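Residue numbers (my numbering): 1 to 982.
This is how it looks when you write it as C-alpha cells:
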C-alpha cells in the first residue's frame, strides 16, 4: 500500500462538469481503475504499460530531475479575475492559509476519491500534448488552444488566451529581516493586502521576488517546475482541460513562484459547478505529479493512454480512510522516514515479472537472507596476502581524496571533540596502567604511544576513521601479566616484549592466510554484545571516577553554618581604644577581651557576632562543595552534550545555525562548563598532563632489550599468552571494524580489514620494544568519530527529514587528533583549566550514545514496556514477542558473563569468551528459525547458503512439476481432439 498518500476521503464528492449521472460514471471509472482483481488473475493492460515503461527506464538508466509543483487558482476580485498561488508541493503539500499571510505546515495530501476519477476523465477526454516545442508561455497557450480548432471559436480563444496570460500573484518566502521591514510599513499597505490588484500583463522574465525567493534553497539542483492552473469562468459551457509536457524545459517568466525551468503544465477551466470541485481536481493533479512512480510515467509517456495507466496504478495503490472515523480538517504530519522510490519501483517490476512467470505470490517486505558482510573486501583470493594486496589497491585510489575531502568546517568540530576524548582516554587508561604495573607504563607512555600508533594507523590503514586506543580488555590482560611477572620474579617489560613479538608474528600469518574472511561470521549478535560491553565500560569508568572524586573531596554532611567556629576558625572580640596585650609590637587602638581560649573557642558564629566580634581564620568562609560542584559539572556536561546534539531537529533558528550548533555540540558544552567552573573559582580537579619527556618509572628506559633479565626459555613460553592476546586483538579489532563498516553508514571508499590488522600487528612490534601500551580500535571513540562526520542533505523538502548521505571519509581528522595528542605535553599550561568532571561527562555521553545506537538497547526497553505501549518496530510485526524476549535474554546473559569474567580472576579466558560468542550465535539456529533470525540478527554464511540451495531446489521441483502437469494436460487434450475428429 502507498505510504506517500495514505488517506482518501469521499466526504463531499464533486460533480463532474458536463455529466448528468455522476454516481454511474464513478462506478464505471472505479471498475476501469482496478488493475488487479481476484476475479481476473491475468495482469491488466495498464500494469503492462507501466512495466514496459519502467523496463525502458532500467535500460536507459536516466536520472530524472525532481519536480516543484505549484497550484494557481482563479479568483474574482474587485478589479476582475486574477490568478493566485494557493498551494505548492515538493514531497508534501503546503497551503496558503486564509488571509494569504503565511504558508501552512507541510502535511500529507488527503484527496477526495471522486476528484481522482474526475481527473482521469479530464486526461481521457481533454487535450494531451507530449514533447511540445515552445519557448514562452504565450506560445504554449497559443498551441494549446489551436490543438482544438473545431471546438473553440476565435472570440472564445481570445478570451481564454487573455485570461491565461494574466499575471499570477505568488506568496514568496522572504528573509526574517525583510519581514520585519515589511511589518513596519504594514499600515501603508493594509488596503493593498486586503484587496490586491492583479497585474494584467504577464511578465516573460522572472520578477525580483522570484529571484530573491529563499524557498529555492529547499530544492535540489536541477529541479524543474510543474504548474497546475484551475478555475471557473462564466463564458465557458464545457470544461477546457489541457495536459502538456515540454520537450525542453523553459523558464516561463513569472508563472511559477521560483525562477526555474518548467516541464509540465496542466490547465483546467470550466463553467461554475459545485464548490471547490476544480480546486480538488487541481490538488489531485499536483499530488500525482509529486508521486515518484507517476513522475516516471509522465516523463516517458508516448501516448495519452500511458498517463491513464499511470492514474490507474495510482488508484490501485491508494489506501482509503472511511468517512466518520477521522477528522478531514486534521493535517497528517509527514512521516519520519519514507521508503525509497527505487525500492517501490523495483518491487513493482518484480511483481510483474513474477506474474508473467506464473508465480502470483506477492512480494513481501522482508529482509534479505544474504544481508552479510560478504562484500568484495572479504572475498578470498586463494593467494598469500591476496586480500592485503586488494586492500592496498582499493585504498590507493582514494588516498589523495582522503586529504582533500577533509576541507570542511565539520572536520574542525570533529578534531576538537575527538582530541579531548582521546586525551581524556589516554590519561584515564594511563593512570590505570600505572596503578596496575607500578608505573612501568604510565600517563606519559600512554600519550606518546597514542600519538605514535594513531598517526601511523591514520596514514596507512584501510579505515582511517578508526581511532586507536588502549581498551578495557587489553588493560585487564596487562594487569594479569604484571601480577604473573611479580609472582614468579620475571621482568615484566621483557616478558611483554616477547609476547608482543609473537602476537605480531601471528598477526602476519593471519593476514597472509586472509583470516579476516572469518569476519562474515560476526553477526549483529556478536557486534551488539561487544559494543554493549565497551559502552558499559565507558559508562562505568566515568561514574567510578566521579565516585573517587567524592572520596577525595568528601561532603561533610554534618556541616552547620552556625558551627563554623568549630572548623579551625576563631572568634576575635575587640574593643576600640586599648593596646593589644600579649605582643611586643603595637597594633591599632583595639583591645582583645581577656577571656580564656577555651571560652572563645566555645562561642558559636551567632554568639561571636552577637558580642561584636568577627571571625578570623582561613576556614571561616569555606564550604565543602567541591564534590557537589564536580557532580554538577559532570551531569551538566552530559545533559548539555545530549541537548545540543539534538538541537538540529529543533524548531528554533534557521537550519544552518542549528546544524552548526549540533556539529560543535561537544565543544560548546565543554566551553560552557569550563567557563562556569572558572567563574566560580572552585578548586575542582583539573586536567593534568605530563610536562617532561621521561619515563614514568625512572627504573626503566625507552628501549626494552629482549635478553638479560629473564631466562632464555621465556621467549618460547611467551607463545601461550601470545595466542590469547592474538585472539583478543583479532576479535577487538575486527568486531570494531565490522561495526564501523556497516552498510547503513553508506561508506563509499570501502573497507580494509586485512590492511587494518596488518597495521595493528606491526605497531605491536614498535610499542613492545619501546614499552608503550598496546593499541587496538576503540569502539566507542571510533563510533563518536563517525557520528561527528555525518553528512546530511542541505536541500530538503518542507516536512522532509534531512537525508543521510554518508560519512565524510578522510584521514586528516584522525591524523590531526593524534598529532595534537603528542604535543599535549607542551600544552599543559592551557589544558590545566579544563575540569576533569567535564571530560568525564563527555565520556558518559559517548558511552550512552554508543549504547543507544544498537538494536539490543531497544529490545531491552521492550522488557519493561506493556505491549500496548511498545513502539512499532519492524521486527515486532514478524517475530512473536516471546521469541524477541528470549533472544534479548540470551544476549543479556552473555553480556553478564563477559562482564563477570572481565572483572574477576578468570579474566585470562576473556579472549576465548569473545570467540565463544560466535559459537553461541551458531547454536541459536537450533532455537530460532531462520525467519526469526533474519529479523533479529543476520544469517550466518552456512545457513544462508543452505537456505539459498533449498530455495533453488524447491524452484527446480516446482518447474519440473509444472512441466509434468503441462505434458499430461497436452496428452489429455490430444486424446480429446482425436476422439472428436473420429
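Glycine residues also receive a C-beta, built at the ideal position from the N, C-alpha and C atoms.
Just so you know, these numbers come straight off a predicted model, no measurement behind them.
query: Going along the chain, which residues of its own chain have a beta-carbon closer than 6 angstroms to the beta-carbon of residue 917, five neighbours each way excluded?
result: Here the set comprises 526 and 529.
message: Less than 8 angstroms between the C-beta atoms of residue 902 and residue 809, yes or no?
response: No, they are not a contact pair.
Straight-line Cα distance separating residue 633 from residue 428: A direct Cα-to-Cα measurement between residue 428 and residue 633 gives close to 18 angstroms.
- prompt: Secondary structure at residue 204, three-state DSSP: helix, strand or coil?
  reply: In this structure, residue 204 counts as coil in the three-state DSSP scheme.
Buried or exposed (CB count within 10 angstroms, at least 16 for buried), residue 754: Under this definition residue 754 is a buried residue.
- prompt: What are the boundary residues of the alpha helix (DSSP H) that includes residue 676?
  reply: Per DSSP, residue 676 belongs to the alpha helix (DSSP H) from 665-680.
message: Within a Cβ cutoff of 7 angstroms, which residues of the same chain sit near residue 669, ignoring the five residues on either side of it in sequence?
response: Non-local C-beta neighbours of residue 669 in its own chain, meaning closer than 7 angstroms and more than five positions away in sequence, comprise 637, 640, 641 and 644, ordered along the chain.
message: Given this structure, state the Cα-to-Cα distance separating residue 536 from residue 897, to the nearest angstrom.
response: Near 14 angstroms, if we compare the C-alpha coordinates of residue 897 and residue 536.
message: According to DSSP, is residue 899 part of a helix, a strand, or is it coil?
response: Here residue 899 sits in helix by DSSP.
- prompt: Over what stretch of residues does the alpha helix (DSSP H) that includes residue 785 continue unbroken?
  reply: The continuous alpha helix (DSSP H) containing residue 785 extends over residues 779-787.
message: Let me check understanding here. Comparing Cα to Cα, which of 887, 230 and 939 lies closest to residue 82?
response: For residue 82, the closest C-alpha among the options 887, 230 and 939 is that of 230.
query: Could you check where the alpha helix (DSSP H) with residue 279 kicks off and where it finishes?
result: Where residue 279 is concerned, the enclosing alpha helix (DSSP H) stretches over 277-290.
Same chain, Cβ closer than 6 angstroms to residue 816, neighbours up to 5 away in sequence not counted: Cβ neighbours of residue 816 beyond the five flanking positions: 415.
- request: State yes or no: is the C-beta of residue 232 within less than 8 angstroms of the C-beta of residue 70?
  value: With respect to the 8 angstroms criterion, residue 232 and residue 70 are not classified as neighbours on the basis of their beta carbons.
message: Could you tell me the alpha carbon to alpha carbon distance between residue 698 and residue 395, rounded to whole angstroms?
response: Looking at the backbone, the Cα of residue 698 and that of residue 395 are separated by about 43 angstroms.
The region 709-723 contacting the region 771-788, beta-carbon criterion three pairs below 8 angstroms: No, the region 709-723 does not touch the region 771-788.
- prompt: Can you tell which of 480, 502, 449 and 554 has the C-alpha that lies nearest to the C-alpha of residue 820?
  reply: Minimum Cα distance to residue 820 is reached at 449.
task: Using DSSP bridges, identify the partner residues of residue 835.
output: BP columns for residue 835 point to 686.
message: Please state whether the Cβ-Cβ distance between residue 702 and residue 764 is less than 8 angstroms.
response: No; because the gap between Cβ atoms is not below 8 angstroms, this pair is not in contact.
message: Here's a check: name, in chain order, each residue in its chain whose Cβ is nearer than 6 angstroms to the Cβ of residue 393, leaving out the five neighbours to either side.
response: Within the same chain, residue 393 has no close Cβ partners at all.
query: Once you ignore the five residues that flank residue 95 on each side, which residues in its own chain have a CB closer than 8 angstroms to its CB?
result: Contacts found: 86, 87, 103 and 104.
Contact belief for residue 519 with residue 378 at Cβ below 8 angstroms, rounded distance in angstroms: Between residue 378 and residue 519 the Cβ distance is about 6 angstroms, and since that is below 8 angstroms, they are a contact.
message: Just to confirm before moving on: does the CB-CB distance between residue 884 and residue 862 stay below 8 angstroms?
response: For residue 884 and residue 862, yes; Cβs fall inside 8 angstroms.
task: For residue 435, count neighbouring C-beta atoms within 10 Å of its own C-beta (all shown protein chains included) and say buried if the count is 16 or more, exposed if not.
output: Under this definition residue 435 is an exposed residue.
- prompt: So, helix, strand or coil for residue 324, using DSSP?
  reply: For residue 324, the three-state secondary structure derived from DSSP is coil.
message: Per DSSP, what are the beta-bridge partners of residue 70 in this structure?
response: For residue 70, which the question treats as bridged, DSSP gives the partners 88 and 227.
task: Kindly indicate which three-state DSSP category residue 653 falls into: helix, strand or coil?
output: Under the three-state reduction of DSSP, residue 653 is assigned to coil, being neither helix nor strand.
message: Just verifying my parser: in three-state terms, what is the DSSP assignment at residue 938?
response: If DSSP states are grouped into helix, strand and coil, residue 938 belongs with coil.
- prompt: Whose C-beta lies closer than 8 angstroms to the C-beta of residue 475 among residues of the same chain, with five residues either side of it excluded?
  reply: Excluding sequence neighbours, residue 475 sits near 429, 432, 433 and 436.
field: C-alpha distance - residue 255 paired with residue 224, whole-angstrom precision
entry: Taken atom to atom, the span from the alpha-carbon of residue 255 to that of residue 224 is near 13 angstroms.
- request: If I'm right that residue 497 touches residue 706 with Cβ under 8 angstroms, what's the distance once you round it to whole angstroms?
  value: In this structure residue 497 touches residue 706 by the C-beta definition: roughly 6 angstroms separates them, less than 8 angstroms.
query: Among the residues of its own chain, which have a CB less than 6 angstroms from the CB of residue 161, if the five just before and after it don't count?
result: Shown here for residue 161: same chain residues with a beta carbon closer than 6 angstroms to its own, the five before and five after excluded, namely 141 in chain order.
- prompt: Given that a residue counts as buried once 16 or more other Cβ atoms are within 10 Å of its Cβ, and exposed if not, what is residue 730?
  reply: Per the 10 Å Cβ criterion, buried.
- request: Quick one: residues in its chain with C-beta nearer than 7 angstroms to the C-beta of residue 1006, no 5 flanking neighbours on either side, listed in chain order?
  value: The structure shown does not extend to residue 1006, since the chain is modelled only from 1 to 982, so the question has no answer here.
- prompt: By Cβ distance, which residues of its chain are closer than 7 angstroms to residue 735, with the 5 residues on each side in sequence left out?
  reply: 522, 526, 527 and 530, listed in sequence order.
- prompt: What separation, rounded to the nearest whole angstrom, lies between the Cα atoms of residue 399 and residue 806?
  reply: Rounded to the nearest angstrom, the two C-alpha atoms are 18 angstroms apart.
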